[in-house]
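Participant:
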Amino acid sequence: LNGEADLRRLTLTAQPGDSGGPVFDMNGAVIGMLLPRPGTPGRILPDDVNFAASGQAIQAALDGAGLRPSVSRTTAPMSAEMLTRMSGDLTVLVSCWN
(Lines of atoms letter the chains of each structure in order from A and count residues from 1; the text may use other names and numbers.)
(Lines give C-alpha, C1' and ligand atoms only; values in the text may rest on other atoms or scores of the structure.)
Protein backbone atom coordinates (compact mmCIF):
# COMPACT_ATOMS: atom_id res chain seq x y z
CA LEU A 1 0.00 0.00 0.00
CA ASN A 2 2.86 2.33 0.85
CA GLY A 3 5.64 0.32 -0.77
CA GLU A 4 6.12 -2.12 2.13
CA ALA A 5 8.34 -4.93 0.88
CA ASP A 6 6.85 -7.50 3.30
CA LEU A 7 3.23 -7.06 2.17
CA ARG A 8 1.45 -8.85 -0.63
CA ARG A 9 -1.75 -7.52 -2.17
CA LEU A 10 -4.53 -10.06 -2.56
CA THR A 11 -7.73 -9.85 -4.50
CA LEU A 12 -10.25 -11.68 -2.35
CA THR A 13 -13.19 -10.95 -0.12
CA ALA A 14 -12.11 -11.82 3.41
CA GLN A 15 -14.67 -12.79 6.01
CA PRO A 16 -14.72 -11.51 9.60
CA GLY A 17 -12.25 -13.60 11.58
CA ASP A 18 -10.10 -14.54 8.57
CA SER A 19 -7.27 -12.23 9.68
CA GLY A 20 -4.28 -14.16 10.93
CA GLY A 21 -5.11 -17.14 8.76
CA PRO A 22 -2.57 -18.72 6.42
CA VAL A 23 -2.41 -17.97 2.71
CA PHE A 24 -1.54 -21.12 0.74
CA ASP A 25 -0.22 -21.61 -2.76
CA MET A 26 -1.66 -24.36 -4.96
CA ASN A 27 0.99 -26.78 -3.67
CA GLY A 28 -0.18 -26.38 -0.06
CA ALA A 29 2.78 -24.28 1.10
CA VAL A 30 2.09 -21.31 3.37
CA ILE A 31 3.14 -18.21 1.46
CA GLY A 32 1.68 -15.56 3.73
CA MET A 33 -0.66 -14.59 6.56
CA LEU A 34 -3.84 -12.60 5.96
CA LEU A 35 -3.73 -9.24 7.72
CA PRO A 36 -6.61 -7.09 8.98
CA ARG A 37 -7.74 -4.46 6.50
CA PRO A 38 -5.59 -1.40 6.99
CA GLY A 39 -7.06 1.85 8.17
CA THR A 40 -6.48 4.09 5.20
CA PRO A 41 -7.43 7.67 6.06
CA GLY A 42 -8.17 9.52 2.86
CA ARG A 43 -8.14 6.30 0.80
CA ILE A 44 -10.99 3.99 -0.02
CA LEU A 45 -9.94 0.49 -1.06
CA PRO A 46 -12.22 -1.82 -3.02
CA ASP A 47 -13.88 -4.49 -0.86
CA ASP A 48 -11.87 -7.27 -2.53
CA VAL A 49 -8.45 -5.70 -1.81
CA ASN A 50 -6.70 -7.26 1.18
CA PHE A 51 -3.11 -7.73 2.27
CA ALA A 52 -0.96 -10.53 3.59
CA ALA A 53 2.38 -10.61 5.37
CA SER A 54 4.84 -12.31 3.03
CA GLY A 55 6.22 -15.77 3.69
CA GLN A 56 9.67 -14.22 4.07
CA ALA A 57 8.39 -11.89 6.82
CA ILE A 58 6.81 -14.83 8.63
CA GLN A 59 10.01 -16.85 8.33
CA ALA A 60 12.06 -13.92 9.70
CA ALA A 61 9.69 -13.56 12.68
CA LEU A 62 9.91 -17.29 13.41
CA ASP A 63 13.71 -17.21 13.11
CA GLY A 64 13.79 -14.25 15.50
CA ALA A 65 11.76 -16.26 18.02
CA GLY A 66 14.21 -19.17 17.78
CA LEU A 67 11.83 -21.37 15.77
CA ARG A 68 12.80 -23.19 12.61
CA PRO A 69 10.07 -23.33 9.98
CA SER A 70 10.18 -26.18 7.51
CA VAL A 71 10.33 -25.45 3.81
CA SER A 72 7.80 -27.11 1.54
CA ARG A 73 9.30 -29.52 -0.96
CA THR A 74 6.04 -30.35 -2.72
CA THR A 75 5.91 -29.21 -6.32
CA ALA A 76 2.71 -30.86 -7.51
CA PRO A 77 -0.44 -28.73 -7.39
CA MET A 78 -3.30 -29.96 -5.19
CA SER A 79 -6.94 -30.02 -6.14
CA ALA A 80 -9.08 -27.34 -4.50
CA GLU A 81 -10.80 -30.06 -2.44
CA MET A 82 -7.50 -31.47 -1.13
CA LEU A 83 -6.16 -28.00 -0.35
CA THR A 84 -9.35 -27.20 1.58
CA ARG A 85 -9.13 -30.46 3.53
CA MET A 86 -5.44 -29.97 4.33
CA SER A 87 -5.85 -26.34 5.38
CA GLY A 88 -8.75 -27.23 7.66
CA ASP A 89 -6.40 -29.52 9.58
CA LEU A 90 -3.88 -26.68 10.08
CA THR A 91 -6.13 -23.90 11.31
CA VAL A 92 -8.04 -23.32 14.55
CA LEU A 93 -10.52 -20.76 15.79
CA VAL A 94 -9.15 -18.58 18.56
CA SER A 95 -11.74 -16.77 20.68
CA CYS A 96 -11.10 -14.32 23.50
CA TRP A 97 -13.47 -13.39 26.29
CA ASN A 98 -13.29 -10.66 28.91
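Count along the sequence shown starting at 1, add 78, and that's the number in the numbering used here.
No residue lacks a Cβ here, since even glycine has one placed at the ideal position from N, Cα and C.
Just so it is clear, the structure is predicted and the values come from calculations on it, not from any experiment.
In three-state terms, what does DSSP make of G91?
Facilitator: What you label residue 91 is simply residue 13 of the sequence shown in a count that begins at 1. First, the residue type needs correcting, since residue 91 is Thr and not Gly in the sequence shown. Here T91 sits in coil by DSSP.
Participant: From A139 to G133, what does the alpha carbon distance come to, in whole angstroms?
Facilitator: Indexing the sequence shown from 1 puts residue 139 at position 61. Indexing the sequence shown from 1 puts residue 133 at position 55. Rounded to whole angstroms, A139 to G133 spans 10 Å at the Cα level.
Participant: Three-state secondary structure (DSSP) at A83?
Facilitator: Position 5 of the sequence shown, counted from the first residue, corresponds to residue 83. Looking at A83 - three-state DSSP - the assignment turns out to be coil, as it is neither helix nor strand.
Participant: So, do the stretch 152 to 165 and the stretch 94 to 113 have three or more beta carbon pairs nearer to each other than 8 Å?
Facilitator: Yes: at least three Cβ pairs fall under 8 Å.
Participant: State the CB to CB distance for the pair D126 and T89, rounded to an integer number of angstroms; the pair is presumed to be in contact (CB under 8 Å).
Facilitator: Taking the first residue of the sequence shown as position 1, residue 126 is located at position 48. Taking the first residue of the sequence shown as position 1, residue 89 is located at position 11. So it is a contact: roughly 5 Å between Cβ atoms.
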